[in-house]
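No gaps in the numbering here: position 75 of the sequence shown is 719 in the numbering used here, and each next residue is one more. Only one structure is covered here, and it is reproduced in the block below.
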Amino acid sequence: MSWLIVIISAYFLFAVVSLGDKYLLKGPPNPKIYAFYVGVLGILALLLAPFVGFSIPGIFGILFCLLAGATYVFAILGVYEGLEKFEASRIIPAIGGFMPLFIFGLIYLFSGGGEVLGFKEIIAFILLIFGSVFVTWDPLKKISFKSLQISAVTAFLFALCFVLTKYVYLMLPFWTGFIWIRISAFLIALFFILFKEVRKEIFSKKPSFSKKTSAFFLFNQGMGAGAFILQNWAIALAGLAYLSIISALQGVQYVFLFILTMLILKEGLSKKVILQKFFAIIFIGIGLAFLAF
């Protein structure tokens, strides 16, 4: 179960990155610009090639890497589009609830029913999904059909990305697969230049980011790259059936984010909200216990 430690470490880093995103998304750039830069910066993974071993895969390997990279870029675009149009409390819980279920279904479909969770893992799976939704859910924010639609599409893209990524690592060595997926994300991100508003902002004299914001963006993306590598490593280590568990464990990220927000931003929360988070943490903790022991 080494993948469990790896994915928890990844979600801690993702929580830190989320704080940075919260700062960056208060102003420019728009979601397409942000998704463009996130995808394009993936090409930096090529710098790892001389040190980790790198090869050119066959046609099927390249195809799976291209599909994994494409679904990743469009999934993060979906997140940013959703966050721009709706409150996070409407988007994040729905994605967190849909994504593990989509992965569970895709794995069952792709494996022909050969990859299934045991009874203990199913209990952990249910507890983790419930905790993940509960830790981010705001009962005062009603979920509209439009926000639910965006969340469902985004969750499906993330789920498909997870499954495709796992199949890449079944076909290729970890670092070869990882670098090719990032190259694919880079190539897909270049298509955003076809959008007029993206071209205007990228090639305008006025930069999309201030110097201070640019430095912070690069640092934040560096942290995100570390988290992304750990997450991919966990995907490579875990069995196919456990991909849905890895997704359901995202509630751990929101627990870390809740704690960091309280400690760093010192945001005041009502007793009712704190009690809700507390019970969500208990569900997640019990789910983790089922997995670990």
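Just so you know, even glycine gets a beta-carbon here, dropped at the ideal spot from N, CA and C. Quantities reported herein were computed from a predicted structural model and do not represent experimental measurements.
Rounded to whole angstroms, the gap between the alpha carbons of isoleucine 767 and glycine 697 is 39 Å.
For methionine 815, the uninterrupted alpha helix (DSSP H) run begins and ends at 789-815, by DSSP. The beta carbon of glutamate 759 sits closer than 6 Å to the beta carbons of Ile751, Leu884 and Ala885 from its chain, once the five residues preceding and following it are set aside; these are given in chain order. Between proline 694 and glutamate 728, the C-beta gap is not smaller than 8 Å, which leaves the two residues out of contact. Sequence-distant partners of phenylalanine 774 (beyond 5 residues in either direction) whose C-beta falls short of 7 Å from its own C-beta, in its chain, are Phe927. Here phenylalanine 800 has Phe746 as same chain residues with Cβ atoms under 6 Å from its own Cβ, once five neighbours each way along the sequence are excluded. Using a Cβ distance threshold of 8 Å, phenylalanine 802 and alanine 719 count as a contacting pair.
DSSP, reduced to helix, strand and coil, places alanine 882 outside both helices and strands of the structure shown, so it counts as coil.
Put simply, of Gln894, Gly757 and Gln920 the residue whose alpha carbon is nearest the alpha carbon of methionine 743 is Gln894. Taken in chain order, the segment 675-740 contains no complete beta strand (DSSP E) segment of 3 residues or longer. Lysine 840 sits exposed, since fewer than 16 C-beta atoms from the chains shown fall within 10 Å of its C-beta.
In this structure the segment 830-839 does not lie against the segment 894-906, because fewer than three pairs of beta carbons, one per stretch, are closer than 8 Å. With a cut-off of 8 Å on Cβ pairs, the segment 867-874 is not in contact with the segment 800-819, counting fewer than three such pairs. Counting only the Cα atoms, glycine 931 lies some 28 Å from valine 812.
The alpha carbon of aspartate 782 has as its nearest neighbour, out of Ala936, Ser788, Ser653 and Pro737, the alpha carbon of Pro737.
Here phenylalanine 748 is buried: its Cβ has 16 or more other Cβ atoms, across all protein chains shown, within 10 Å. Residue Leu808 holds the alpha-carbon nearest to the alpha-carbon of phenylalanine 704 among Glu765, Leu808, Val717 and Leu881. Contact between the segment 683-692 and the segment 824-832 is present: three or more C-beta pairs spanning the two stretches fall below 8 Å. The beta carbon of leucine 881 sits closer than 7 Å to the beta carbons of Ser646, Trp647 and Val650 from its chain, once the five residues preceding and following it are set aside; these are given in chain order. For the pair phenylalanine 934 and leucine 771, the CB atoms are nearer than the 8 Å cut-off. Look at leucine 761 here: in three-state DSSP terms it is coil, with no helix or strand label. Glu725 is the residue among Glu725, Gln865 and Lys810 whose C-alpha sits nearest the C-alpha of leucine 792. Assignment of leucine 893 by DSSP, reduced to helix, strand and coil, places it in the coil class.
In the three-state reduction of the DSSP assignment, glycine 775 falls in the helix class, which pools H, G and I.
With a cutoff of 8 Å on beta-carbon distance, glutamine 920 and phenylalanine 778 are scored as near each other.
Isoleucine 890 and isoleucine 652 have their C-alpha atoms roughly 9 Å apart.
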